[in-house]
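6 protein chains.
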Amino acid sequence: MTETTSSTGPRADGRAYDQLREVRFTRNWLDSAEGSVLVEFGKTRVLVAASVTEGVPRWRKGSGLGWVTSEYAMLPRATNTRNDRESIKGRVGGRTHEISRLIGRSLRAVIDYKALGENTIVLDCDVLQADGGTRTASITGAYVALSDAVSWLRDRNALAGEPLTNSVSAISVGVVDGIPMLDLAYSEDSVADTDMNVVLSGTGDFIEVQGTAEGAPFDRNTLNTLLDLATDGCTTLKELQQAALAD
Amino acid sequence: MTETTSSTGPRADGRAYDQLREVRFTRNWLDSAEGSVLVEFGKTRVLVAASVTEGVPRWRKGSGLGWVTSEYAMLPRATNTRNDRESIKGRVGGRTHEISRLIGRSLRAVIDYKALGENTIVLDCDVLQADGGTRTASITGAYVALSDAVSWLRDRNALAGEPLTNSVSAISVGVVDGIPMLDLAYSEDSVADTDMNVVLSGTGDFIEVQGTAEGAPFDRNTLNTLLDLATDGCTTLKELQQAALAD
Amino acid sequence: MTETTSSTGPRADGRAYDQLREVRFTRNWLDSAEGSVLVEFGKTRVLVAASVTEGVPRWRKGSGLGWVTSEYAMLPRATNTRNDRESIKGRVGGRTHEISRLIGRSLRAVIDYKALGENTIVLDCDVLQADGGTRTASITGAYVALSDAVSWLRDRNALAGEPLTNSVSAISVGVVDGIPMLDLAYSEDSVADTDMNVVLSGTGDFIEVQGTAEGAPFDRNTLNTLLDLATDGCTTLKELQQAALAD
Amino acid sequence: MTETTSSTGPRADGRAYDQLREVRFTRNWLDSAEGSVLVEFGKTRVLVAASVTEGVPRWRKGSGLGWVTSEYAMLPRATNTRNDRESIKGRVGGRTHEISRLIGRSLRAVIDYKALGENTIVLDCDVLQADGGTRTASITGAYVALSDAVSWLRDRNALAGEPLTNSVSAISVGVVDGIPMLDLAYSEDSVADTDMNVVLSGTGDFIEVQGTAEGAPFDRNTLNTLLDLATDGCTTLKELQQAALAD
Amino acid sequence: MTETTSSTGPRADGRAYDQLREVRFTRNWLDSAEGSVLVEFGKTRVLVAASVTEGVPRWRKGSGLGWVTSEYAMLPRATNTRNDRESIKGRVGGRTHEISRLIGRSLRAVIDYKALGENTIVLDCDVLQADGGTRTASITGAYVALSDAVSWLRDRNALAGEPLTNSVSAISVGVVDGIPMLDLAYSEDSVADTDMNVVLSGTGDFIEVQGTAEGAPFDRNTLNTLLDLATDGCTTLKELQQAALAD
Amino acid sequence: MTETTSSTGPRADGRAYDQLREVRFTRNWLDSAEGSVLVEFGKTRVLVAASVTEGVPRWRKGSGLGWVTSEYAMLPRATNTRNDRESIKGRVGGRTHEISRLIGRSLRAVIDYKALGENTIVLDCDVLQADGGTRTASITGAYVALSDAVSWLRDRNALAGEPLTNSVSAISVGVVDGIPMLDLAYSEDSVADTDMNVVLSGTGDFIEVQGTAEGAPFDRNTLNTLLDLATDGCTTLKELQQAALAD
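Chains as they are written, first to last, in full-length UniProt numbering: chain A, 1 to 247; chain B, 1 to 247; chain C, 1 to 247; chain D, 1 to 247; chain E, 1 to 247; chain F, 1 to 247.
See below:
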């Protein structure tokens with residue numbers, strides 16, 4: 001399930017400024033998970049596993065409502081140089097916490113808890129290789145794994161309704177050397193003046209907008225241009241998700 | 001240093017939808033810190049201490065560049081019901097990490113590291129009482145404490161230039177019962193559909209935009225209205241900061 | 001609620017050897033805590049919050065007895081130079097543990113658990129600024145916050161009797177340059193040969209005596225002089241507590 | 001790089017008692033690691049990354065000797081049901097520690113530290129999917145990644161000699177329902193009476209023998225049969241490693 | 001309860017290659033433990049305490065089955081130079097974990113859980129002085145303490161049958177300077193080429209075999225010689241255990 | 001090295017109210033520690049090891065001054081029922097911290113750092129069996145081990161003078177059923193109204209006084225009676241220490 005990449009654009013990898021990297025979804029990469037996908041945005045590879053368990057956390061018991069959560073992590077050599085393991089450091093870093101929370105919030109935005117019934121779905125997003133955009137690839141892939149996990153529950157008549165109210169995808173945008181562009185690779189992200197991650201619903205509304213001035217503060221026009229780029233990118237991602245799920 | 005609040009508006013506390021809560025800055029609340037302020041946004045009270053130390057973290061030594069960082073925390077009974085201490089749980093939670101990082105990034109956006117020289121300024125933002133907007137009060141107050149700490153360095157001829165390139169302030173906006181409003185109190189924040197924190201430079205550009213759909217995803221028009229509200233709110237906060245620093 | 005300080009005595013801050021620093025109690029410093037006080041012994045400022053919860057820890061359930069406990073901590077810049085946060089270090093230090101335990105024991109000494117019923121009161125003592133005597137200020141202030149929390153329970157008919165059997169206050173005494181003195185400020189404490197903390201009941205009996213030879217061991221006469229000083233100091237503190245609670 | 005599996009044998013997956021599962025090595029699975037391999041023993045899949053850094057740990061500096069170490073971990077959904085992350089539990093479990101140490105020892109047994117020079121190679125073995133034999137697959141794959149990392153150093157003239165003194169491979173053997181068999185899948189391992197992991201050098205000598213009676217203690221004859229099976233299995237693994245490295 | 005040691009053999013302490021160090025069991029070294037023994041293998045001294053509690057861990061409740069587990073640790077100055085405490089480091093090291101697990105597995109191999117009933121026995125093995133062979137002394141001593149704890153339960157009619165199905169003892173063997181030898185002291189162990197720990201049942205079958213090539217890999221003949229040495233050593237240990245328990 | 005105990009007194013173990021339990025010092029209990037003693041106060045048994053290292057902690061380097069510190073811990077089954085290990089809980093408890101600090105302070109009170117030179121002595125006090133008075137037995141035994149460690153340094157000409165300025169011993173006193181008594185056993189301590197630990201120098205001055213009202217607050221007369229009892233007890237302990245060191 002891929003988008004073809006021409007190699008004649010102005011960016012280092014030949015892309016046009018408004019072009020996504022090659023996106024692939026390999027569903028059912030794991031044999032026993034209720035949903036799983038290896039999602040690739042160019043060289044960025046994230047293995048997403050959806051684990052279904054009957055029941056919900058203690059604070060939610062007896063409510064009739066389900067729960068969806070997520071954990072994000074990186075393998076130590078996902079990056080150019082090796083990072084120490086958080087298990088060995090004995091604590092989860094701020095960045096990991098932040099991204100795990102973002103992914104969970106993004107998926108919960110398209111879940112009807114009542115329809116899910118008292119079931120819990122955990123989305124584990126483990127970055128096997130990182131080349132920028134690991135959080136947006138995680139969210140985009142997690143939607144696919146979540147869909148498969150919901151189907152698994154549906155096949156077992158374990159749902160109280162249709163829990164997925166919408167689809168969700170995410171993409172990064174940023175300003176590099178003064179030029180707004182879509183889906184930043186690591187080499188672009190690391191020198192960007194502005195970096196923004198946008199999570200969109202399948203109907204084109206915003207679930208999350210996180211923009212940061214890495215260099216100089218940015219103005220309203222730049223913000224608008226970036227939001228336009230992201231909206232178009234997510235429209236494409238949504239189609240690729242649908243195609244992958246139709247396979 | 002306060003903004004007067006009329007009590008005839010439509011909100012629970014009598015504010016208009018585009019009105020800030022009463023904002024106070026009490027500078028030099030601590031006797032020995034190089035900069036300190038007790039900042040209040042209504043009932044939200046944050047004690048910010050700026051600590052200056054000569055030298056920078058190891059990874060930055062010899063670069064000639066300074067460093068600014070921040071730590072955010074809440075006292076256990078800052079909130080309506082008591083929360084366990086993170087020191088006793090033995091780890092810092094995801095929310096704490098996330099806000100600490102946000103405050104640090106926001107202040108670094110207005111710092112010229114070269115002008116700061118190899119000095120480190122740590123901004124400790126401790127929430128004594130929480131009634132919504134603790135992160136935006138922290139950022140807004142931290143700018144005041146940072147300014148005082150920079151003055152302290154200037155008085156000792158310990159700077160290589162003028163490190164503050166701009167001012168910075170922050171405010172929350174959100175949609176409650178379908179109505180966009182400014183500076184949410186906890187009772188509003190806890191039922192908001194959309195929640196956004198905006199950090200602006202003194203010249204009105206964006207340093208950080210973080211919008212989250214707590215309920216239904218939001219559209220572009222709503223986003224625009226919220227950004228307008230936030231921009232106006234930060235303009236007022238900037239004036240209040242200037243007045244406080246002029247005292 | 002303060003004791004006036006004359007400035008003509010022989011100590012650095014003008015006090016007589018047997019004179020307390022200015023003591024202030026600001027009750028209800030927090031809006032939502034069941035009891036709270038900002039207690040000041042000179043520049044030492046401790047925010048004490050009393051949190052009431054129905055029920056008791058698991059090991060005490062069904063006993064009909066209540067529970068009172070305390071946690072003490074310091075903000076990172078309460079002191080002259082910044083200390084790392086215990087939450088970030090991932091563990092509570094020995095000194096913090098020791099003082100938390102001392103405060104809890106001191107307050108439990110004046111509590112009738114049966115009269116308290118199966119309620120728990122947690123006293124959080126957070127040092128906002130430290131200038132010596134933080135543990136004695138904490139105990140002395142915690143009694144005031146505890147009284148208010150007990151009143152809160154009484155107003156709700158949630159008590160099985162009158163749980164406060166006595167009042168409690170605490171003061172430090174020490175020998176500096178060979179001279180026994182009362183209520184040591186940090187500049188005195190840091191050079192003291194002998195350092196003693198004394199916790200007294202409202203009827204003048206000992207709840208806790210902790211004396212340490214920081215320099216040379218001390219003899220019985222010195223011990224007796226210090227106990228006399230402390231007893232007088234606690235008598236004054238008791239009156240100030242009563243006045244504060246009468247407001 | 002695989003061994004073909006016939007499906008007519010007596011075991012659940014059709015193997016003969018002395019037959020390995022299908023073994024695959026996919027070298028250079030990662031773009032930036034100095035050596036990497038996705039090693040598969042049937043459904044067991046381990047991603048091994050070899051990271052080279054100049055220099056050695058502090059306690060070894062100036063010795064002229066290199067260092068090789070390993071860390072093993074499992075993704076949370078590598079198994080049939082999800083396990084909590086060790087990073088979130090805040091500590092590494094006993095089993096993880098034990099296997100990490102075993103892998104490190106096994107590889108160090110074939111390293112000439114002097115020839116390696118003051119370089120460090122870390123072998124990260126992350127189990128993406130677990131179906132028994134994860135530690136033996138890790139060791140067998142780690143040898144391949146280590147070889148590639150050594151070649152990477154050789155290509156840069158960064159070696160003081162030829163550090164690989166031998167090859168190393170590992171396999172599990174066990175007694176299931178009274179029958180000794182090779183390379184246990186999880187369904188076999190979980191009901192085995194005796195479980196043994198054997199690490200062999202390329203010249204057929206023992207680097208590590210770890211046999212455990214899960215049920216009844218085992219006698220010397222059984223031990224001998226198991227060692228024979230393991231020796232034959234490792235001979236095949238050695239050939240597969242050589243073929244993979246020759247590609 | 002000792003084995004006499006002649007001092008004329010070829011080893012540093014005068015032992016023959018196949019000779020144990022002096023072995024002593026001092027039962028009931030503790031006044032309140034249900035079973036306890038100070039076990040000595042030469043200068044190696046381990047205090048083993050067996051603690052019996054009614055009931056089993058949560059995951060085993062209602063099964064009718066008992067549980068036996070073990071924890072191993074070393075005092076900081078058990079060794080020639082002081083080691084930091086694991087409690088202060090905040091985590092248990094890999095070696096400690098590994099040995100705790102080995103001891104637990106070894107004892108569980110001779111336990112009939114059904115006969116034990118829903119009782120838990122914890123064997124704490126604390127090394128007071130370490131001179132090699134601490135894990136084998138622990139296992140050998142733990143059997144004695146376990147026997148006493150079982151007797152304690154039997155005396156109270158708290159057993160559902162006879163839980164000890166066999167005895168268990170353990171010994172180290174190794175190759176030093178090319179010579180296979182029994183029961184290595186620290187000075188021998190630290191220079192051994194091959195190091196093996198063998199756990200045997202009272203009927204001479206293997207419960208655990210753990211052999212490691214510290215230097216060059218070892219061949220099958222060496223392995224056989226070492227297993228013979230260990231088998232003879234454990235036979236002697238079994239007799240010494242019986243004698244101790246008969247006292 | 002013992003004090004004989006008559007068994008005709010009024011206490012549960014036949015002691016008079018002002019009588020110590022049988023006190024024993026077994027010096028050199030460990031083979032390799034620079035000083036070590038097994039100290040027994042009745043059934044309370046503490047193994048103290050003194051470890052000497054050249055050099056001092058970083059913050060003290062180059063000062064010409066030595067350092068003495070202590071760590072206290074209990075084996076899990078030192079008590080009537082088993083306690084979890086602090087290493088496994090991952091943190092040191094408040095009581096452990098408090099006692100470690102007390103022991104360290106008490107010994108440092110009799111040390112001339114300059115005479116010690118830049119050497120560090122760590123006193124590890126591990127409670128093998130606890131029957132009340134573990135902290136006072138630890139201090140009293142630690143003085144003996146410290147003396148031996150100082151002698152070890154003296155024998156190697158590694159001292160800059162005579163570092164021991166005095167001896168130190170410690171004893172508990174308390175009020176049980178209204179009767180002041182010396183050296184409380186656990187059965188007495190657990191029901192005491194007042195509990196006091198007193199650390200005395202060899203010349204009879206106070207190094208530490210820690211008195212706690214476990215039940216009702218105590219008056220000045222009681223305090224005086226307890227201090228008299230403790231002073232006499234420590235005088236006897238001092239003689240027993242001298243006798244032990246003279247052996």
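Note that CB positions come from ideal geometry on N, CA and C, so glycine has one too.
Gly-233(D) sits in a helix when the DSSP states are folded into three classes. Contact annotation, Ile-139(E) with Ile-103(E): C-beta distance approximately 5 Å; criterion of less than 8 Å satisfied. Using beta-carbon distances, Ile-139(E) does not count as an interface residue toward chain F, since no partner is under 9 Å.
Distance check between Thr-165(A) and each of Lys-43(A), Leu-116(A), Val-198(A) places Leu-116(A) closest, using alpha-carbon atoms only.
Non-local beta-carbon contacts of Gln-210(F) in its own chain, meaning distances under 6 Å to residues more than five positions away in sequence, involve Asn-197 in chain order. Within the same chain, and ignoring the five residues on either side of Asp-148(C) in sequence, the residues whose Cβ sits closer than 6 Å to its Cβ are Gly-35. The Cβ atoms of Ile-111(B) and Tyr-72(B) do not sit closer than 9 Å to each other.
Only buried fits Ala-230(F), as 16 or more other CB atoms lie within 10 angstroms of its CB. Gly-90(F) belongs to the set of residues whose beta carbon lies under 9 Å from a beta carbon in chain E. Under the three-state reduction of DSSP, Ser-167(D) is assigned to coil, being neither helix nor strand. The beta carbon of Gly-9(D) is closer than 8 Å to those of Arg-15, Ala-16, Tyr-17, Gln-19 in its chain, skipping five residues each way along the sequence. Segment contact: the segment 120–133 of chain B against the segment 173–181 of chain B, fewer than three CB-CB distances shorter than 8 Å; contact not assigned. Distance between Leu-107(F) and Phe-218(C), taken at the CA atoms: about 15 Å. Among the CB atoms of chain B, one or more fall inside 9 Å of the CB of Thr-81(C). Against Ala-33(D), the close residues of chain A are Arg-77, in the order they occur along the chain (beta-carbon pairs closer than 8 Å).
Per the DSSP secondary-structure output, Ser-51(F) pairs in a beta bridge with Val-122(F). In this structure, the straight-line span from the alpha carbon of Ser-169(F) to that of Ala-243(F) is close to 14 Å.
According to the DSSP assignment, Glu-40(C) belongs to the beta strand (DSSP E) that extends over 35–41. Taken through DSSP and simplified to helix, strand or coil, Ala-78(C) comes out as coil. Residue pairing by DSSP leaves Tyr-186(A) without any beta bridge partner.
By the Cβ criterion, the segment 76–91 of chain A is not in contact with the segment 144–159 of chain A, since fewer than three pairs of Cβ atoms, one from each stretch, lie closer than 8 Å. Residue pairing by DSSP places Glu-71(D) opposite Asp-124(D) in a beta bridge. Residue-level contact check: Val-122(B) touches chain C, since one or more beta carbons of chain C fall below 9 Å from its beta carbon. Within chain C, Pro-76, Arg-77, Thr-81, Arg-82 have C-beta atoms less than 9 Å from the C-beta of Ser-51(B), given in sequence order. In chain B, no part has a C-beta under 7 Å from the C-beta of Glu-118(C); the shortest such distance is about 17 Å. As DSSP reads the structure, Thr-44(F) sits in a beta bridge with Phe-41(F). Spatial neighbours of Ala-192(A) in its own chain (CB-CB distance under 7 Å, excluding positions within 5 residues in sequence) are listed in chain order as Gly-174, Val-175, Val-176, Leu-184, Glu-214. When the beta-carbon positions are compared, Ala-145(D) and Glu-208(D) stay at least 9 Å from each other.
Straight across, the Cα-Cα distance linking Thr-44(F) with Tyr-143(D) is about 54 Å. Close CB contacts of Thr-79(A) within its chain, under the 6 Å cut and outside five residues either way in sequence, are with Ala-130 (chain order).
In the structure shown, Ala-115(F) falls within a helical segment according to DSSP collapsed to helix, strand and coil. Secondary structure of Thr-140(A) (DSSP, three-state): helix.
Between Ser-187(A) and Pro-180(A), the alpha-carbon positions lie close to 15 Å from each other.
Rounded to the nearest whole angstrom, the C-alpha separation of Thr-225(F) and Arg-60(C) is 35 Å.
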